[in-house]
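Residue numbers (this note's numbering): 15 to 600.
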């Protein structure tokens, strides 16, 4: 099977076919190139997707990734990065092994094809020239033969005519001989050219064209083989990354199997456990006695009772308000049903433990006393661990400086030992400071751990107050026992146990001078203040600002005698530049 033999007369069709083959190869190159672009785009989108859902540093999301389900999700995101990397590998390998190589091969193929068809056209032109020479000699031979025949006939005619002179006859005879000789020469020339043409034609159809077509056939077969090899490479590039992609998927499955719902449930307990004990039973209040009623120590109604028993510890004492009960300064109000008060207690969030902390609005205290006991213990333990790590780091640095100083003492040419004294003193001072700080937090931690439930007595925190563990302990939110932000403390006292009503707190705040207004604000939206410390506002309402936003997103406002917090984004604030405590905006 040879194109030179079978397709000796299909020069133009072979030229079209080989050009079509190059077009197919270029089309395949374009296909692979677009595939690489898709792989790169897909890898980029995967990386962006994984980055989008990565937890932000120093944010609340980082705390969520303590849970095994979130850890598994984070592992999935990391594996997606590796998965995207394999698609980038596919793109790179296809570009280097297929696109670049085939593009170079196409250029070589075009040059090779061009040279072969150039030789073919050159052979065609040569045989056409030979054919034209043959046709020219043939026509000349034919013309000379006709001229010789006419000259011979004219001679014979003149020779037969008796009226023609002998000289004319001789002239005609000589002319006939000349024409005959010319015909013989043309015949010889035609015969020579014909033989030469037949030889050239034989060489053209049996040697030159078969050789050229054979080379074109081999070139085309190499092209077909090359595109087949490229397709195999295309598949191999994908196959090479399958094991790694499989490992990525296996890791995702492994991460999913590592999810432990029990562990996550325990983490929720550790995160939100307050350490308080549930309130005890509510005692029966007897309303049958017209002039006297019994108020239980454990009753939720104590926080809004009419009586005002006073504590006397050498000065004015104030009761402690249950953190879930809202303060209402309005005149006497009809007492809410007990069930409503209990529902309010069960559904409220213990965000603010004492109204004094509302007034301050400052940062959390250093000893975390604003937190429930269990959460406070965790924070203190975390702080102690951080300080111990810093101490260890400073000690390692001190040891390294000490060793360097010893080296300088043994080898003075390496450095001056005295140059390290200042640094060594500084590190030692830092260690002492950190140890003092750690001791302070360890003391607070020991205090908290001594109060956490390794106790069997009944609930101590009920109906708007902390009840004493023994008859000599009482809570006081106004004296030195109060924590820096007005949260709960427990200290022993030499006075007898008494019951403190929430109305005492009302009196305490009524006696204090109200904060001055530092500006006004207009409510942009309606806000229903349902939590403790907040106040409800209606859209368009104008109120006084008594404390601006401290960075927590809340602004403190006043309406007549009622005060509370509203979201800063719900109001438009107009601060008085001359007011005390107002910021000056330039």
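For every residue, glycine included, the Cβ atom is placed at its ideal position computed from N, Cα and C.
With 8 Å set as the bound, which would you pick, yes or no: does the beta-carbon of residue i sit closer than that to a beta-carbon of chain C?
| i | result |
| --- | --- |
| residue 16 | Among the chains of the structure shown, chain C does not appear; only one protein chain is present. |
Tell me whether residue i is buried or exposed, calling it buried when 16 or more other Cβ atoms sit within 10 Å of its Cβ.
| i | result |
| --- | --- |
| residue 34 | exposed |
| residue 455 | buried |
| residue 361 | At residue 361, the pLDDT of 48 sits below 50, so the modelled position is not reliable and the matter cannot be decided from this model. |
| residue 169 | buried |
| residue 384 | buried |
| residue 552 | exposed |
| residue 18 | buried |
| residue 125 | exposed |
| residue 182 | exposed |
| residue 568 | buried |
| residue 430 | exposed |
| residue 231 | buried |
| residue 264 | exposed |
| residue 38 | exposed |
| residue 426 | exposed |
| residue 505 | Note that residue 505 scores a pLDDT of 38, beneath 50, so its modelled location is shaky and nothing firm can be said. |
| residue 145 | exposed |
| residue 52 | exposed |
| residue 575 | exposed |
| residue 221 | exposed |
| residue 46 | buried |
| residue 137 | buried |
Do residue j and residue i have their beta-carbon atoms positioned less than 8 Å apart in this structure?
| i | j | result |
| --- | --- | --- |
| residue 550 | residue 542 | yes |
| residue 108 | residue 282 | no |
| residue 536 | residue 586 | yes |
| residue 98 | residue 57 | yes |
| residue 133 | residue 256 | no |
| residue 588 | residue 554 | no |
| residue 386 | residue 288 | yes |
| residue 158 | residue 197 | yes |
| residue 215 | residue 143 | no |
| residue 90 | residue 266 | yes |
| residue 580 | residue 540 | no |
| residue 444 | residue 400 | no |
| residue 43 | residue 103 | no |
| residue 61 | residue 233 | no |
| residue 123 | residue 36 | yes |
| residue 459 | residue 405 | no |
| residue 200 | residue 237 | no |
Whose C-alpha, out of the options, is nearest the C-alpha of residue i?
| i | options | result |
| --- | --- | --- |
| residue 85 | 291, 273 and 379 | 273 |
| residue 24 | 135, 588 and 205 | 135 |
| residue 442 | 450, 422, 428 and 412 | 412 |
| residue 247 | 140, 137 and 114 | 114 |
| residue 100 | 54, 386 and 181 | 54 |
| residue 419 | 244, 21, 434 and 156 | 434 |
| residue 26 | 131, 44, 396 and 70 | 131 |
| residue 166 | 149, 190 and 49 | 190 |
| residue 223 | 570, 271 and 20 | 20 |
| residue 93 | 570, 452 and 262 | 262 |
| residue 147 | 127, 212 and 106 | 212 |
| residue 15 | 228, 294, 271 and 559 | 228 |
| residue 156 | 203, 119 and 50 | 203 |
| residue 290 | 391, 119, 583 and 88 | 391 |
| residue 68 | 95, 178, 151 and 398 | 95 |
| residue 276 | 210, 128 and 83 | 83 |
| residue 658 | 538, 565 and 546 | Because the chain spans 15 through 600 in this model, residue 658 falls outside it and cannot be assessed. |
| residue 451 | 22, 235, 432 and 403 | 403 |
| residue 192 | 396, 209 and 160 | 160 |
| residue 286 | 421, 205, 398 and 388 | 388 |
| residue 249 | 41, 105, 381 and 205 | 105 |
| residue 572 | 139, 72 and 528 | 528 |
| residue 219 | 570, 22, 239 and 448 | 22 |
| residue 63 | 259, 87, 77 and 421 | 87 |
| residue 269 | 49, 563, 81 and 292 | 81 |
| residue 129 | 29, 546 and 564 | 29 |
| residue 205 | 139, 65 and 149 | 149 |
With which residues is residue i paired in a DSSP beta bridge?
| i | result |
| --- | --- |
| residue 578 | 571 |
| residue 586 | 536 |
For residue i, verify whether its CB is less than 7 Å away from any heavy atom of the ligand ATP.
| i | result |
| --- | --- |
| residue 230 | Absent from the structure shown: the ligand ATP. Ligands present: none. |
| In the stretch 174 to 251, which residue ranges form an unbroken alpha helix (DSSP H) of at least 4 residues, counting only runs that do not cross its ends? | 180 to 217
| Contained beta strand (DSSP E) runs [length at least 3] in the stretch 531 to 572, N- to C-terminal order | The stretch 531 to 572 contains these whole beta strand (DSSP E) runs: 533 to 537 and 556 to 561.
| Sequence ranges, alpha helix (DSSP H) only - wholly within the stretch 62 to 135, length at least 4 | 74 to 78 and 82 to 108
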